[in-house]
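Below is one structure, written out as structure tokens; comments come after it.
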Amino acid sequence: MKRACYPGSFDPPTYGHLDIITRASSVFDELIIAIMKNPNKRNAFTEEERVRMLQEITRDLPNVKVVVGHGLTVEFAKSIGAQVLIRGIRAVMDYEYELQQATANMFLDETIETVFFVARPRYSFLSSSVSKEIALNNGDLSKFIPEAIIEEVEEELNPLKKKKSGE
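Numbering (the UniProt record's numbering), first residue to last: 1 to 167.
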């Protein structure tokens, strides 16, 4: 059985993430989405909130599981029995960064492969950061965030919605 691990911060999960998850889940027997800590990022959502949101948007994908991971990604992948790391590539900048990460991971553990999924053009600009910026400025998130979690994302990030729900 081929088990893959898709690590990331997913803060919040976007349609771009969901597209990679859906495509990877059709290629591998089991896909583990690992919410990893990134010391360079300040998260808007707790690990528990991100687990819940990812579970909600992947509930129709029976071979997908969501977990919280710690430590080096490649070591975590090995600890859960994954043979492959999944990474999404949006643009050349992503490729350069991801190639360095994949090479470092290969140096740390040659048994774990990295497979790149190229973003569909409609998602090539999309990131959690862009989504947060749109939400903070009361923009329309419907093309960025899956419908099943959009209300939760807006309530957390949109100052106008926060005010209404806090009344």
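Every residue, glycine too, gets a C-beta built ideally from N, C-alpha and C.
In this text the structure is predicted, and so the values were computed from the model without any measurement.
Any beta strand (DSSP E) of 3 or more consecutive residues that is wholly inside the UniProt domain "Cytidyltransferase-like" (6–130): Segments of the beta strand (DSSP E) lying fully in the UniProt domain "Cytidyltransferase-like" (6–130): 30–36, 64–69, 84–89, 113–118.
Report back the beta-carbon spacing between Glu30 and Asn63 to the nearest angstrom; my notes put them in contact at under 8 Å. Going by Cβ atoms, the distance from Glu30 to Asn63 rounds to 5 Å, so yes, they are a contact pair.
Do you know offhand how far Pro13's Cα is from Gly81's? Approximately 24 Å between the Cα atoms of the pair.
Alpha-carbon to alpha-carbon, Ser124 and Lys143: Roughly 13 Å between the two C-alpha positions.
If Phe28 and His17 are in contact, beta carbons under 8 Å, what's the gap, nearest whole angstrom? Not really, about 16 Å apart at Cβ, beyond 8 Å.
Going by DSSP in three states, Ile149 sits in which element: helix, strand or coil? The three-state secondary structure of Ile149, taken from DSSP, is helix.
Residues of its chain near Arg90, where Cβ-Cβ distance is below 6 Å and the 5 sequence neighbours each way are ignored: The residues are Ala119, Ser124.
Below 8 Å on the Cβ atoms is my contact criterion, and I expect Gly88 with Phe117 to pass it. Report the Cβ-Cβ distance as a whole number of Å. Contact holds; Cβ gap of about 5 Å.
Starting from Ala4, follow its DSSP beta bridges and name the residues at the other end. Per DSSP, Leu31, Val84.
For Glu48, which option in Lys41, Glu96, Ala34 has the closest C-alpha, if you only look at C-alpha atoms? Taking each of Lys41, Glu96, Ala34 in turn and checking the Cα distance to Glu48, the smallest one comes out for Ala34.
Which of helix, strand or coil does DSSP assign to Lys132? Helix at Lys132.
Where Glu167 sits in the DSSP three-state scheme: In this prediction, Glu167 scores a pLDDT of 47, lower than 50, which makes its location untrustworthy; no coordinate-derived value is stated.
Leaving out the 5 sequence neighbours to the left and right, which residues in its chain are closer than 7 Å to Leu126 when beta-carbon positions are compared? Same-chain partners within the cutoff: Thr14, Tyr15, Gly16, Phe144.
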